[in-house]
Amino acid sequence: MGNRGKLILRSSLALALLSTAFWFLASTRHLKTELGSVDPLVPAPRFDPVLATNLGSNPDIPDLDQVEIPVQKTFEPGETLGQVLASYGVEGTSARELGAVLAQRVDLRRLRAGDPYSVFFDRNGQLSAFQVPIRDRGRVRVVLDRGTWREEWQPFVRRTELHVVSGDLETSLEAGIEKAGGPSSLAYVMADALQWDLDFSRDLRIGDHFEAMYEQVYLDGQDRGVGRLLAVRYINRGDVLEAYSFGDDGGFYDGEGRPLRKMFLRSPMRYSRITSSFTNRRFHPVLKIYRPHYGVDYGAPVGTPVRVTSAGSVSFAGWNKGGGKTVKVRHPNDYETAYLHLSRFADGIRPGARVRQGDIIGYVGMTGLATGPHLDYRVQHHGHYINPLSIKSVPAKAISQVDMPAFIAWRDLVRNNLERGVAEPLEIDRSIQLASRSTRPSTDAAGSARTTAR
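Mapping to my numbering: the sequence shown position 133 is 127, numbers consecutive.
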């Protein structure tokens, strides 16, 4: 290579180096410009053990040693309150004093397996409080205060919503109510209101129409189901049945102010099916002979509650040969009802015990001469058996003339709400205040309730 070639090569290398240096300097200047908007890193403070120790004195930070965290448990089968307290170190006089305070609100004899309770402990691990909820009312907490147990009562916050629901019977009443947007449990409340005129076990028909106005109850924000039923209209095979709750006792009346309550319920069970009717000649499935059947058989699963159909006193509760476990009840006007083939008796059912209409007296079984679980329900009048399904009882006392205007005002407003499918408790309250004199429906909760039409 000549001198000229070497000179050209050196010039090219020098130019390349200058270009590279210029690019590097420009890139560095641009990077500094971009990083200039980023906050500079600040070194972390050193750990200060004194400062960390003093954090507990900050009033905004709770001292966990002073916070009582409840332990929620339930009573075990056969477990008593005394045994529960002893397991937490509370015995002797202290346990008796705690129990005495708790007994002012709670019937300790009625505590059952599965009932919930909560225990609280202080920073030393000692029991400092014992709490039991009372259904639909509140919580009672017994607190240890300077060596003495004292009560703290915490009532549940109760709120109600008023609803109207209507629909038609396509399969079952429960399914019809659910399809219309209501809770299936409303069916049982409706059955209670109409139980003197409608047997929900055998009288309901596909195509029946229903309308109901009711309260939905919330306790501490939790849905506790259906509360009061204010009104129900049920059209059964063309017959219109109405029930309006009116008065302080919550009794139900028809559209004319006549009470629905009668001497006898239509059925001793809310839901069942008739498997055998009253007759003077029936082929006995066990004895294989024809003989009279002086009752009505209701088929139902073992353990289904059986209600006494009228108020009275128990005249017999025991084994009755082919009738198995049987309860007999005497009623006014020389009536007597009998309930056969029970699996067991309800608590407190014994000769001489007083029972109110609708009380549970026993449970369906198949004791005695029975081929399957059922209730044989019988009625005697003046010593003679009569068909329970043919009883026509006289209703109770009607609404007085003084209170009738208030009832009419209440009925018209509720009926209007049912027909329009709306719930307007404030309108109802205002009208009742103007019309009522001595008797008025209890609308304290509904007056401030939310309303929903379904």
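C-beta atoms are modelled at their ideal positions from N, C-alpha and C, and glycine is treated no differently.
Check	Outcome
Mind listing, in chain order, the continuous beta strand (DSSP E) runs of no fewer than 3 residues lying wholly within the region 237 to 273?	245 to 247, 267 to 270
Have a look at the DSSP bridge pairing and note the partners of T68.	P110
Tell me which residues share the same chain as V226 and place their Cβ nearer than 6 Å to its Cβ, disregarding the 5 neighbours each side in the sequence.	M184, A187, A206, A237
Would you identify the three-state DSSP class for L45, choosing helix, strand or coil?	Bear in mind that the predicted position of L45 carries a pLDDT of just 46, short of 50, making it too unreliable to give a figure here.
Roughly how many angstroms separate the alpha carbons of L192 and G359, rounded to a whole number?	25 Å
For a test of the three-state rule: what should DSSP assign to Q125, helix, strand or coil?	strand
Alpha carbon to alpha carbon, how far is R140 from T87?	15 Å
Along the chain, where does the alpha helix (DSSP H) containing M360 start, and where does it finish?	That residue, M360, is in no alpha helix (DSSP H); it is neither H nor E in DSSP.
Can you tell me the Cα-Cα spacing of L420 and L156, whole angstroms?	Residue confidence for L420 is low, a pLDDT of 46 falling below 50, so the modelled location carries little weight; the figure read from the coordinates is stated next. The alpha-carbon atoms of L420 and L156 are separated by roughly 11 Å.
Applying the 10 Å Cβ sphere with the 16-neighbour rule, what's the burial state of G176?	buried
Look at the Cβ atom of L79, then the Cβ atom of L105, and state whether they are nearer than 8 Å.	no
DSSP state of Q77, grouped into three classes?	helix
Would you kindly check if the distance between the Cβ of S270 and the Cβ of K291 is under 8 Å?	Looking at the sequence shown, residue 291 is not Lys but Asp. Yes, they are a contact pair.
Please report the straight-line C-alpha distance between N118 and R152, rounded to a whole angstrom.	36 Å
Check whether the region 359 to 370 touches the region 195 to 202, counting contact only when three or more Cβ pairs, one atom from each stretch, lie closer than 8 Å.	no
My understanding is that L369 touches V300, with C-beta atoms under 8 Å, so please give their C-beta distance in whole angstroms.	6 Å
Taking buried to mean at least 16 other C-beta atoms within 10 Å of its own C-beta, is G170 buried or exposed?	buried
Check T87 in the structure and name its three-state DSSP category.	helix
Is it the case that the CB of T142 approaches a heavy atom of the ligand MN more closely than 7 Å?	Only the bare structure without any ligand can be found here, which leaves the ligand MN out of the picture.
What residue ranges within the region 144 to 173 form continuous alpha helix (DSSP H) runs of no fewer than 4 residues, ordered along the chain?	167 to 173
Going by C-alpha to C-alpha distance, which of W190, G244, A392 sits closest to K256?	W190
Cα-Cα, which of V220, V100, T303, G316 is closest to I354?	T303
Can you give me the C-alpha to C-alpha distance between E146 and Q210, rounded to a whole angstrom?	28 Å
Which same chain residues, not among the five before or five after F194, have their C-beta less than 6 Å away from its C-beta?	A185
For S179, does the three-state DSSP call read helix, strand or coil?	coil
Pull up the distance between the alpha-carbon of G161 and that of V323, whole angstroms please.	39 Å
Can you give the beta carbon distance from R332 to S307, rounded, assuming they're within the 8 Å contact cut?	Checking the sequence shown, residue 332 turns out to be Ala, not Arg. With 8 Å as the limit, A332 and S307 do not qualify as a contact, their Cβ atoms being about 14 Å apart.
Excluding the 5 residues preceding and the 5 following T68 in the sequence, name in chain order all residues of the same chain whose CB lies nearer than 8 Å to its CB.	A107, G108, D109, P110, Y111
Between which two residues does the beta strand (DSSP E) carrying R227 extend?	216 to 230
With burial defined as no fewer than 16 other Cβ atoms inside 10 Å of the residue's Cβ, what is the status of R144: buried or exposed?	exposed
Under the three-state reduction of DSSP, which class applies to P299: helix, strand or coil?	strand
Beta-carbon of V113 versus every beta-carbon of chain D: anything under 8 Å?	Absent here is chain D; the protein component of the structure consists of one chain.
With C-beta atoms as the reference, is T320 less than 8 Å away from M263?	no
At the level of alpha carbons, what is the spacing between F258 and L180?	23 Å
Out of curiosity, what's the CA-to-CA distance linking Q351 and V113?	40 Å
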